[in-house]
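Residue numbers (our numbering), protein chains in the order written: chain A, 25 to 258; chain X, 25 to 258.
2 protein chains.
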Amino acid sequence: EILAAIESYFAPKTTPLAGHSALVTAGPTHEALDPVRYIANHSSGKQGYAIARALKTLGANVTLVSGPTHLPPPDGITYIPITSAREMLKACENALPVDIAICTAAVADWRVTEQSNQKIKKISGDDAPTLSFIQNPDILATLSKQGPKRPGLVIGFAAETENVESNAKSKRQRKGCDWILANDVSPETGTFGGDDNTLFLIDETGTDCWEKMSKEASAAKLSVLIADKLKLNT
Amino acid sequence: EILAAIESYFAPKTTPLAGHSALVTAGPTHEALDPVRYIANHSSGKQGYAIARALKTLGANVTLVSGPTHLPPPDGITYIPITSAREMLKACENALPVDIAICTAAVADWRVTEQSNQKIKKISGDDAPTLSFIQNPDILATLSKQGPKRPGLVIGFAAETENVESNAKSKRQRKGCDWILANDVSPETGTFGGDDNTLFLIDETGTDCWEKMSKEASAAKLSVLIADKLKLNT
């Protein structure tokens, strides 16, 4: 604590996001099939937690809505743990209004149509169940919708395994967000769960390809770009 | 280390399982839907890891085949990490012959019929995919099958959320194993992921209800019963 206080005293006081509020989503969501089984994904939450820390460092008032991860909640932010996509949407809506929303969470696109209250039993013989799914709420599209509560800057992430840039460009159009950060999460890239990331930033003017860097470094770079953007807007 | 050495020096040298080999499965399995999504379950692996340690303490030569957990591999055993049910079966078959097999893993009963090599895209509109599943190999039933490689004692676990004892009794018959340890894993019991367990031991003579105890304590109790059983058999 003493060390942190000394560091803080001597640190350059660049808090361009002071007075601004930011909502960050992170991690996977888990969608229950029954009391013991669920659908998950390989998101570790590292990128979102790093962005929450970076925004806080620049002075923002940060709310982090996080699915199940194994990361410690960052200090000095409002931390809201959730499990499912529906819980994440509700927590995000409760956090509005904010100036900036950054959706890094790998939200499950679907949940089963009818969640079983009891463990689904194995069927005798070789049969197996057919599960039908319904779409989960689209958190990025909901936050991007025009209206009095829309954050001034809405940023989405696109985790792709093929045609990364073109899939991400059409995602930006479809969702109505301002920026998309896209990356290739094919297993051979080691992005999900790993410490590094190779990102493309897509805005209304085109695509900016970032070099491979740590998730901490890309979070810091993004936060500076956000601060610049907000300064331009005021 | 010094403390452990002192404890070990003064501990009574009861290693009734010396010269015996044991195979333990533990944890969940993950079944991929595509490169980023998978089906998981709430098994923590704690019970199986505790049993592996307890058997080792009694002198057994232990192989632990484990799905994805957040537990450190126990010392002094052969540790084989796997992801899917099919990988777990292969690892178990490679570990044979053994004297004792204890299947604590919460193996996924099903996997999707066709795993996608690319991330399944969200469909426009409100549509969502219907996934069909096929049964995974039944590891407990496979190990229990009569034949020259059948372990002398095969023990299964039954994780139930209703009719615990009757479901477990019929499971013992169906699988052909010698003993079943059954427990109630309804979320309100806190068994999955928790440190305690309330077990029923079902063998050919009937049901023995154990009181609630730590997973370490039930592992030790089970290991002593196994040692007694093997002594009777010789």
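Where a beta carbon is used, it is the ideal one built from N, C-alpha and C, also for glycine.
{"Query": "Using the Cβ count rule (16 or more neighbours within 10 Å means buried), how would you classify Thr38 of chain X?", "Result": "exposed"}
{"Query": "If you reduce the DSSP assignment to three classes, tell me which class Pro105 of chain X lands in.", "Result": "strand"}
{"Query": "Any heavy atom of the ligand FMN closer than 7 Å to the CB of Arg110 of chain X?", "Result": "Annotation note on the ligand FMN: not contained in the displayed structure, which lists no ligands."}
{"Query": "Let me see if you follow: with CB-CB separation under 8 Å, is Ala192 of chain X close to chain A or not?", "Result": "no"}
{"Query": "Report yes if the C-beta distance between Gly180 of chain X and Ala129 of chain X is below 8 Å; otherwise report no.", "Result": "no"}
{"Query": "Within the continuous alpha helix (DSSP H) that includes Asn257 of chain A, where are the two ends?", "Result": "239-257"}
{"Query": "Mind checking if Ala29 of chain X is an interface residue toward chain A, Cβ cutoff 8 Å exclusive?", "Result": "no"}
{"Query": "Distance check for Tyr73 of chain A and Met112 of chain A, CA to CA, integer angstroms please.", "Result": "15 Å"}
{"Query": "Can you tell me whether Gly180 of chain A is helix, strand or coil according to DSSP?", "Result": "strand"}
{"Query": "If we define contact as Cβ-Cβ less than 8 Å, is Arg196 of chain A a contact residue for chain X?", "Result": "no"}
{"Query": "Quick test of the definition: if touching needs 3 or more C-beta pairs under 8 Å, does the stretch 232-250 of chain A touch the stretch 38-50 of chain X?", "Result": "no"}
{"Query": "Give the DSSP bridge partners of Trp134 of chain A, in chain order.", "Result": "A:Gln159"}
{"Query": "For Lys143 of chain A, which residues in the same chain have their Cβ closer than 7 Å to its Cβ, ignoring the five residues on either side in sequence?", "Result": "Asp58, Pro59, Val60"}
{"Query": "Output needed for Glu240 of chain X: all residues of its chain with C-beta closer than 6 Å, excluding positions within five of it in sequence on either side, in chain order.", "Result": "Ala74"}
{"Query": "Let's test the definition: count the other Cβ atoms within 10 Å of the Cβ of Thr231 of chain A and tell me whether it reaches 16, buried, or not, exposed.", "Result": "exposed"}
{"Query": "Per DSSP, what are the beta-bridge partners of Ser45 of chain A in this structure?", "Result": "A:Asn85"}
{"Query": "Given a threshold of 16 other Cβ atoms within 10 Å of its Cβ, counted over all protein chains shown, does His94 of chain X qualify as buried or as exposed?", "Result": "exposed"}
{"Query": "If we count the other Cβ atoms within 10 Å of its Cβ and call it buried at 16 or more, is Ile124 of chain A buried or exposed?", "Result": "buried"}
{"Query": "Measure from the alpha carbon of Ser168 of chain A to the alpha carbon of each residue in A:Cys127, A:Ala42, A:Gln139, A:Ser156, then state which is nearest.", "Result": "A:Cys127"}
{"Query": "Count the other CB atoms, across all protein chains shown, that sit within 10 Å of the CB of Ser190 of chain A; report buried if there are 16 or more and exposed otherwise.", "Result": "exposed"}
{"Query": "Which residues in the same chain as Val188 of chain X place their Cβ atom closer than 6 Å to its Cβ, once the five residues preceding and following it in sequence are excluded?", "Result": "Ala206, Asp208"}
{"Query": "According to DSSP, is Leu225 of chain X part of a helix, a strand, or is it coil?", "Result": "strand"}
{"Query": "Got a sec? Which residues, its chain only, sit under 6 Å from Val288 of chain X by beta carbon, not counting five neighbours each side?", "Result": "Nothing can be reported for residue 288 of chain X: it is not among the residues displayed for chain X, which extend from 25 to 258."}
{"Query": "Which two residues bound the contiguous beta strand (DSSP E) that contains Ala152 of chain A?", "Result": "Here Ala152 of chain A belongs to no beta strand (DSSP E), and DSSP marks it neither H nor E."}
{"Query": "What residues from chain A crowd round Tyr62 of chain X, counting only those whose CB sits closer than 9 Å?", "Result": "Ile63, Ala64, Asn65, His66"}
{"Query": "Figure out for me which residue from X:Arg174, X:Leu223, X:Asn160, X:Ile104 has the closest Cα to the Cα of Leu246 of chain X.", "Result": "X:Leu223"}
{"Query": "Can you give me the Cβ contacts of Ser68 of chain X inside the same chain, cut-off strictly under 7 Å, excluding the 5 residues immediately before and after it?", "Result": "Thr93, Phe216, Gly217"}
{"Query": "Which residues, in chain order, does the stretch 208-222 of chain X contribute to contact with chain A at a C-beta distance below 7 Å?", "Result": "Val209, Ser210, Pro211, Phe216"}
{"Query": "Between Phe157 of chain X and Ala152 of chain A, how many whole angstroms is the CB-CB distance? I'm expecting something under 8 Å.", "Result": "4 Å"}
{"Query": "Quick one: what's got a C-beta closer than 7 Å to Ala165 of chain A's C-beta in the same chain, skipping five residues either side?", "Result": "Lys199, Gly200"}
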